[in-house]
Amino acid sequence: MNPTPLLNELSRRPLVCDGAMGTQLLARGLTSGECGMIWNVNRPADVGGIHLAYRNAGCDLITTNSFGGSLFALEPHGLASRGAELNRAAARVARSAAGDHGWVLGDVGPFGDFLEPVGDITADDLREVFQAQIVALIEGGADAILVETMSDPAEAVVGIEAAKASAANVPVIATYAFQKTAPGEFRTMMGTSVAEAVQRATRAGAQIVGANCGTGLSLDDYVKLAEQLVAAAGNAAVIVQPNAGSPRIEHGRTIYDASPEDMAATAARLLAAGVRIIGGCCGTTPAHLTAMSRAVRTVKI
-3 MNPTPLLNEL
7 SRRPLVCDGA
17 MGTQLLARGL
27 TSGECGMIWN
37 VNRPADVGGI
47 HLAYRNAGCD
57 LITTNSFGGS
67 LFALEPHGLA
77 SRGAELNRAA
87 ARVARSAAGD
97 HGWVLGDVGP
107 FGDFLEPVGD
117 ITADDLREVF
127 QAQIVALIEG
137 GADAILVETM
147 SDPAEAVVGI
157 EAAKASAANV
167 PVIATYAFQK
177 TAPGEFRTMM
187 GTSVAEAVQR
197 ATRAGAQIVG
207 ANCGTGLSLD
217 DYVKLAEQLV
227 AAAGNAAVIV
237 QPNAGSPRIE
247 HGRTIYDASP
257 EDMAATAARL
267 LAAGVRIIGG
277 CCGTTPAHLT
287 AMSRAVRTVK
297 I
């Protein structure tokens, strides 16, 4: 693990997180419907190559290839019994690429269904599942836990609580996916406002909060969203990981039009809005992150 605590370093300077993993795996041959986590053990060099490309792009934070690493998410692939193995491997591969001066974020994504009373899964059941994943990620070398792409604050809170129960001294980051519901207004898919989503995460113990992904958001929208996140975050640091612009479909393919220069300009605007960690989500590549990390290191805030 990195000997410098993440939160200490963040108090000194803004940090750069990495970009998309799924599209990078697809570019290396992952097939539709295949579980990308199996590559942590079957093709670790490919996963490690993606991590290393982001690290060489200037990313301080490397995110494990474990977005779908909960028992519930692995079960449809017949891999639930290998959850601990796959999550430990994810963290080890990321740890190797991050080195001693980068930080590894243990990635915990949505479990893929709804909590009671909308769904059948209880908070206690989900907490147990998330905790098993998080323990394996920490065993593999994660420096922090990232509970990401959340739509339901209740699920985010369960993830944060699971992280706190697994390792009280490990920082917890919580991010939501927002969509624009009116000019200047952003809500999660569950209808939760920015202020409520952030405040529920910080009350549960997240030290870093923010947004990643998002539906139909332009780069300008991400800047406006960032301003609202910072206003709601209180003493918590804010992370924003925008997509490479709003996607469009062309000949059956999803296209993201934002160039590395576009993303670099957006990174500078996010810093000015008070964001402390800047990364990328869908459609971003090492080329985007190279430009963004350069912007983060040259803009004086």
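Just so you know, we're using my numbering here: the sequence shown kicks off at -3 and counts up by one.
Here a beta-carbon is modelled for each residue, glycine too, at the ideal position from N, C-alpha and C.
Comparing alpha-carbon positions, the option among 166, 182, 215 lying closest to residue 201 turns out to be 166.
Checking the DSSP bridge columns, you'll see residue 101 partnered with 59, 140. Cβ contact annotation for residue 29 (same chain, cutoff 7 Å, sequence separation greater than five): none. Fully enclosed beta strand (DSSP E) runs of no fewer than 3 residues occupy 168 to 172, 175 to 178, 181 to 183, 204 to 208 of the stretch 142 to 215, in order along the chain.
Segment contact: the stretch 72 to 92 against the stretch 128 to 135, three or more CB-CB distances shorter than 8 Å; contact assigned.
For the 8 Å CB-CB criterion, residue 240 and residue 254 form a contact.
Approximately 15 Å separates the beta-carbon atoms of residue 13 and residue 203; this is outside 8 Å, ruling out the contact. Within the DSSP bridge table, the entry for residue 280 names no partner.
For the 8 Å CB-CB criterion, residue 142 and residue 75 do not form a contact. Around the beta carbon of residue 120, a 10 Å sphere encloses fewer than 16 other beta carbons of the protein chains shown; the residue is thus reported as exposed.
Annotation: residue 212 to residue 47 spans about 27 Å, alpha carbon to alpha carbon. Selection 7, 92, 83 evaluated against residue 50 yields 92 as nearest (Cα-Cα). Distances from the alpha-carbon of residue 196 to those of 249, 264, 8, 232 put 232 closest. With a cutoff of 8 Å on beta-carbon distance, residue 184 and residue 170 are scored as not near each other. With distances taken between CA atoms, residue 31 lies nearest to 82 out of 82, -2, 52, 56.
Under the three-state reduction of DSSP output, residue 43 falls in the helix class. In the three-state reduction of the DSSP assignment, residue 246 falls in the strand class, which pools E and B. Sequence-distant Cβ neighbours of residue 206 in its own chain, meaning closer than 7 Å and more than five residues away, are 171, 225, 234, 235, 236. Contact between residue 15 and residue 276 holds, since their C-beta atoms are separated by about 3 Å, short of 8 Å. Each residue's CA atom was taken as its position, placing residue 244 and residue 147 some 22 Å apart. For residue 53, the secondary structure class from DSSP, reduced to helix, strand or coil, is coil. By the criterion of a C-beta distance shorter than 7 Å, residue 265 is surrounded in its chain by 219, once the five residues flanking it on both sides are discounted.
Just so you know, the alpha carbons of residue 123 and residue 157 end up roughly 7 Å apart. For residue 233, the enclosing beta strand (DSSP E) covers residues 233 to 237.
At the C-beta level, residue 35 and residue 22 stay beyond 8 Å of one another. Counting along the chain, residue 37 sits inside the alpha helix (DSSP H) bounded by residues 35 to 38. Residue environment analysis places residue 114 among the exposed positions, since fewer than 16 neighbouring C-beta atoms fall within 10 angstroms of its C-beta.
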